[in-house]
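K.L.:
Number of protein chains: 2
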Amino acid sequence: MSAPLRAQLGYAFRRPELLTSALTHRSFGAAHNERLEFVGDAVLNCVVGAALYERFPALPEGDLSRVRAALVNQDTLARVARRLGLGGEIRLGEGELKSGGHDRTSILADALEAVFGAVFVDGGFEAARSVIDACYGDVLAQADPASLGKDPKTRLQEWLQARRLPVPEYVVTATTGDAHAQQFEVECRIPALSLATTGRGSSRRVAEQAAAEAAGAQAALLAAGDRRGGG
Amino acid sequence: MSAPLRAQLGYAFRRPELLTSALTHRSFGAAHNERLEFVGDAVLNCVVGAALYERFPALPEGDLSRVRAALVNQDTLARVARRLGLGGEIRLGEGELKSGGHDRTSILADALEAVFGAVFVDGGFEAARSVIDACYGDVLAQADPASLGKDPKTRLQEWLQARRLPVPEYVVTATTGDAHAQQFEVECRIPALSLATTGRGSSRRVAEQAAAEAAGAQAALLAAGDRRGGG
Numbered sequence: 004m005s006a007p008l009r010a011q012l013g014y015a016f017r018r019p020e021l022l023t024s025a026l027t028h029r030s031f032g033a034a035h036n037e038r039l040e041f042v043g044d045a046v047l048n049c050v051v052g053a054a055l056y057e058r059f060p061a062l063p064e065g066d067l068s069r070v071r072a073a074l075v076n077q078d079t080l081a082r083v084a085r086r087l088g089l090g091g092e093i094r095l096g097e098g099e100l101k102s103g104g105h106d107r108t109s110i111l112a113d114a115l116e117a118v119f120g121a122v123f124v125d126g127g128f129e130a131a132r133s134v135i136d137a138c139y140g141d142v143l144a145q146a147d148p149a150s151l152g153k154d155p156k157t158r159l160q161e162w163l164q165a166r167r168l169p170v171p172e173y174v175v176t177a178t179t180g181d182a183h184a185q186q187f188e189v190e191c192r193i194p195a196l197s198l199a200t201t202g203r204g205s206s207r208r209v210a211e212q213a214a215a216e217a218a219g220a221q222a223a224l225l226a227a228g229d230r231r232g233g234g
Numbered sequence: 004m005s006a007p008l009r010a011q012l013g014y015a016f017r018r019p020e021l022l023t024s025a026l027t028h029r030s031f032g033a034a035h036n037e038r039l040e041f042v043g044d045a046v047l048n049c050v051v052g053a054a055l056y057e058r059f060p061a062l063p064e065g066d067l068s069r070v071r072a073a074l075v076n077q078d079t080l081a082r083v084a085r086r087l088g089l090g091g092e093i094r095l096g097e098g099e100l101k102s103g104g105h106d107r108t109s110i111l112a113d114a115l116e117a118v119f120g121a122v123f124v125d126g127g128f129e130a131a132r133s134v135i136d137a138c139y140g141d142v143l144a145q146a147d148p149a150s151l152g153k154d155p156k157t158r159l160q161e162w163l164q165a166r167r168l169p170v171p172e173y174v175v176t177a178t179t180g181d182a183h184a185q186q187f188e189v190e191c192r193i194p195a196l197s198l199a200t201t202g203r204g205s206s207r208r209v210a211e212q213a214a215a216e217a218a219g220a221q222a223a224l225l226a227a228g229d230r231r232g233g234g
């Protein structure tokens, strides 16, 4: 492990071979990180779950689950791993090396979980909690239960309802391609805001979410303009 | 909490109101156990996951996941909860009381997870680990990765393969009922053992698993008979 990474984790391993395992992808060979990833995934869920329980004392269980899922998903893990510069530390097989495995989201996310698992195995739960706090503290601090982990359609609907506006209408405007590779185009219409946006995807559901995402962004811009215009 | 339960958990709460919450079903009213169950589920997965990691140093990640899922599922949790006599301690609303909620598997399982969560919130990870060890130690000690959590068809196939016998044949022998409420009857045939068993269920898959379960039990009896006969 490089000195900068060690400093960022803020943890000194008694058994450094555990960290080496955590940073070894299965394509590299034996003693790879999958078992430590199993441990790390559980530790991360526990630490983040407990942190959310303490930080949001009135949040129901379903919302705690939703927010945690968004915080510990592959994309968030990989983002944290990139910031730590983890990619350059991971041992990969030749095929993965050549195909850019050092920056692959799944490889980065798995390795970071494995690092958490290695700290837990080496130093116990509180050591793992400190390292997770060091890596994840700002992600946790910014977590907003009102929107985090909600899909674009839900977010848009709640945004409209909070302003007492009617729910949007979703209309399939085109389907293209053969039956096994169809593409859908959906329009999201909000007449009250004179707004219509388009989304595309391989299913109606995906296209609707894309259209809702675009509508949400537009609606937020309109609202910001109103605030500026209205002073 | 009753004295016997306290003795079995081996833990004295600093904030007993946490245990009261853990033993309060949502049908009873506010301050129910769902948030603590969220915490407890994560703690249990972490403790059991780490214990399996240590105990089975050569077990791949996929098998660790399978074994853990079988150990922390609702049925196992409820079995442990019944042994602890937890049912009598749970506060329920009137409807649940009248309909036998004290012995309902889901209510027992959720309450036990919530108790683990309450210990974690009250006393930290190591306290929760001790309580889980006390409640779950024998379940963990008996865990057999070779079979635990595998479905009956997989178990039967592996049992036959270990004896170099051909895989069974599954044949749908009857379907009854209307389209929306069909019942399937499947025969599991193992000619090499002169064995045929029947299973029923609401889908072909369910019926096959039931037939395999019966075949596995029969095959084990036959094998035991062989061993006794052969001396």
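Chains as they are written, first to last, in my numbering: chain A, 4 to 234; chain B, 4 to 234.
All C-beta atoms, glycine included, are put in the ideal place defined by N, C-alpha and C.
For clarity, every value in this text was computed on a predicted model and none was experimentally measured.
Closer than 8 angstroms is the cut-off here; do at least three beta carbon pairs connect the segment 8-26 of chain A with the segment 117-130 of chain A?
P.N.:
yes
K.L.:
Listed from N- to C-terminal order along the chain, which residues in the segment 163-195 of chain B have their beta-carbon within a distance smaller than 7 angstroms of any beta-carbon of chain A?
P.N.:
none
K.L.:
Does the beta carbon of A:Tyr56 sit closer than 9 angstroms to a beta carbon anywhere in chain B?
P.N.:
Along the first sequence, one-based indexing puts residue 56 of chain A at 53. Judged by the 9 angstroms Cβ criterion, A:Tyr56 is in contact with chain B.
K.L.:
Among the residues of its own chain, which have a CB less than 6 angstroms from the CB of B:Gly96, if the five just before and after it don't count?
P.N.:
By 1-based counting over the second sequence, the position of residue 96 of chain B is 93. Hits under 6 angstroms: Ser30, Phe31.
K.L.:
Cα separation between B:Leu12 and B:Leu111?
P.N.:
Working through the second sequence from its first residue, we reach residue 12 of chain B at position 9. Working through the second sequence from its first residue, we reach residue 111 of chain B at position 108. Roughly 15 angstroms between the two C-alpha positions.
K.L.:
Cβ closer than 8 angstroms: which chain A residues qualify as neighbours of B:Glu40?
P.N.:
As a first step, residue 40 of chain B must be located in the second sequence, where it is residue number 37. Residues of chain A whose Cβ lies closer than 8 angstroms to the Cβ of B:Glu40 are, in chain order, Glu64.
K.L.:
What does DSSP give as the partner residue(s) for A:Val174 in the beta ladder?
P.N.:
Taking the first sequence and counting its residues from 1, the one referred to as residue 174 of chain A is at position 171. Bridge partners of A:Val174: A:Glu190.
K.L.:
Since A:Asn76 meets chain B, which of its residues come closer than 7 angstroms, beta carbon to beta carbon?
P.N.:
One-based indexing of the first sequence puts residue 76 of chain A at position 73. Per Cβ cutoff of 7 angstroms: no residues; A:Asn76 is ~16 angstroms from chain B at best.
K.L.:
Buried or exposed: which applies to B:Asp181, given that a residue is buried once 16 or more other Cβ atoms fall within 10 Å of its Cβ?
P.N.:
For the purposes of this step, residue 181 of chain B is taken as the residue at position 178 of the second sequence. When all chains shown are included, B:Asp181 counts as exposed.
K.L.:
Round the Cβ separation of B:Cys191 and B:Thr179 to the nearest angstrom and send it over; I've been treating them as touching at under 8 angstroms.
P.N.:
Here residue 191 of chain B refers to the residue found at position 188 when the second sequence is read from its first residue. Here residue 179 of chain B refers to the residue found at position 176 when the second sequence is read from its first residue. So it is not a contact: roughly 19 angstroms between Cβ atoms.
K.L.:
Can you give me the start and stop residues for the beta strand (DSSP E) that A:Ala146 sits inside?
P.N.:
If you number the first sequence from 1, residue 146 of chain A lands on position 143. Segment: none, A:Ala146 is in no beta strand (DSSP E) and carries neither H nor E.
K.L.:
Check whether the segment 43-60 of chain B touches the segment 126-137 of chain B, taking contact to mean three or more Cβ pairs, one atom from each stretch, closer than 8 angstroms.
P.N.:
yes
K.L.:
Compare the Cα-Cα distances from A:Gly126 to each of A:Arg17, A:Pro7, A:Ala33 and report the closest residue.
P.N.:
Along the first sequence, read from residue 1 onward, the residue named residue 126 of chain A stands at position 123. Closest option to A:Gly126, judged by alpha-carbon separation, among A:Arg17, A:Pro7, A:Ala33: A:Arg17.
K.L.:
Quick check: the segment 140-160 of chain B against the segment 197-214 of chain B, are at least 3 beta-carbon pairs closer than 8 angstroms?
P.N.:
yes
K.L.:
Please decide whether A:Leu21 counts as near chain B, where near means a Cβ-Cβ distance under 9 angstroms.
P.N.:
Walking along the first sequence from the start, residue 21 of chain A turns up at place 18. Chain B, which has no Cβ nearer than 9 angstroms to the Cβ of A:Leu21, makes this no.
K.L.:
Does B:Glu211 come within less than 9 angstroms of chain A when only Cβ atoms are used?
P.N.:
Position 208 of the second sequence holds residue 211 of chain B. For B:Glu211, the answer is no, since every Cβ of chain A falls outside 9 angstroms of its Cβ.
K.L.:
Quick one, which of A:Thr79, A:Ser109, A:Asp78 has its alpha-carbon nearest A:Ile93's?
P.N.:
In the first sequence, the residue the question calls residue 93 of chain A occupies position 90. Minimum Cα distance to A:Ile93 is reached at A:Ser109.
K.L.:
DSSP three-state call for A:Ala228: helix, strand or coil?
P.N.:
Looking up residue 228 of chain A in the first sequence gives position 225. Checking the displayed sequence, the identity of residue 228 of chain A turns out to be Gly instead of Ala. In the structure shown, A:Gly228 sits in a helix (DSSP, three-state: H, G or I).
K.L.:
Rounded to a whole number of angstroms, what is the C-alpha to C-alpha distance between A:Glu20 and A:Ile193?
P.N.:
Taking the first residue of the first sequence as position 1, residue 20 of chain A is located at position 17. Taking the first residue of the first sequence as position 1, residue 193 of chain A is located at position 190. About 58 angstroms.
K.L.:
From the DSSP output, in three-state form, read off A:Gly234 for me.
P.N.:
One-based indexing of the first sequence puts residue 234 of chain A at position 231. The pLDDT assigned to A:Gly234 is 41, lower than 50, so where the model puts this residue is not dependable; a value taken from the coordinates is nonetheless given after this. Of the three classes helix, strand and coil, the one that applies to A:Gly234 here is coil, per DSSP.
K.L.:
Of all the CB atoms in chain A, is at least one closer than 9 angstroms to the CB of B:Leu95?
P.N.:
Position 92 of the second sequence holds residue 95 of chain B. No, B:Leu95 lies away from the interface with chain A (no Cβ there is under 9 angstroms from its Cβ).
K.L.:
Hey, how far is the Cα of A:Ala10 from the Cα of A:Leu74?
P.N.:
Numbered from 1 along the first sequence, position 7 holds the residue referred to as residue 10 of chain A. Numbered from 1 along the first sequence, position 71 holds the residue referred to as residue 74 of chain A. Roughly 23 angstroms between the two C-alpha positions.
K.L.:
Can you look up A:Leu47 in the DSSP assignment and give me helix, strand or coil?
P.N.:
Position 44 of the first sequence, counted from the first residue, corresponds to residue 47 of chain A. Looking at A:Leu47 - three-state DSSP - the assignment turns out to be helix.
K.L.:
Can you list the residues of chain B that A:Leu151 reaches, using a CB-CB cut of under 9 angstroms?
P.N.:
Within the first sequence, the letter at position 148 stands for residue 151 of chain A. Near A:Leu151 there are no residues of chain B at all, since even the closest Cβ is about 16 angstroms away, more than 9 angstroms.
K.L.:
Excluding sequence positions up to five away, which residues of its chain have a Cβ less than 6 angstroms from the Cβ of B:Val174?
P.N.:
On the second sequence, position 171 is the one that residue 174 of chain B refers to. Excluding positions up to five away in sequence, the list reads Glu190.
K.L.:
Indicate whether at least one CB of chain A lies closer than 9 angstroms to the CB of B:Glu99.
P.N.:
Here residue 99 of chain B refers to the residue found at position 96 of the second sequence. Not an interface residue.
K.L.:
Would A:Ala137 count as contacting chain B if we go by Cβ distances under 9 angstroms?
P.N.:
Position 134 of the first sequence holds residue 137 of chain A. False, the Cβ-Cβ gap to chain B never drops below 9 angstroms.
K.L.:
Report yes if the CB atom of B:Leu80 is closer than 9 angstroms to the CB atom of B:Glu37, and no otherwise.
P.N.:
The residue given as residue 80 of chain B occupies position 77 in the second sequence. The residue given as residue 37 of chain B occupies position 34 in the second sequence. No; because the gap between Cβ atoms is not below 9 angstroms, this pair is not in contact.
K.L.:
Give me, in chain order, the residues of the same chain whose beta-carbon lies closer than 8 angstroms to that of B:Gly234; leave out the 5 immediate sequence neighbours on both sides.
P.N.:
Position 231 of the second sequence, counted from the first residue, corresponds to residue 234 of chain B. Here the model assigns B:Gly234 a pLDDT of 41, short of 50, so the residue's position is not dependable and the matter cannot be decided.
K.L.:
Between B:Ser206 and chain A, is there a C-beta pair that is closer than 9 angstroms?
P.N.:
As a working mapping, residue 206 of chain B is identified with position 203 in the second sequence. No, its Cβ sits nowhere closer than 9 angstroms to a Cβ of chain A.
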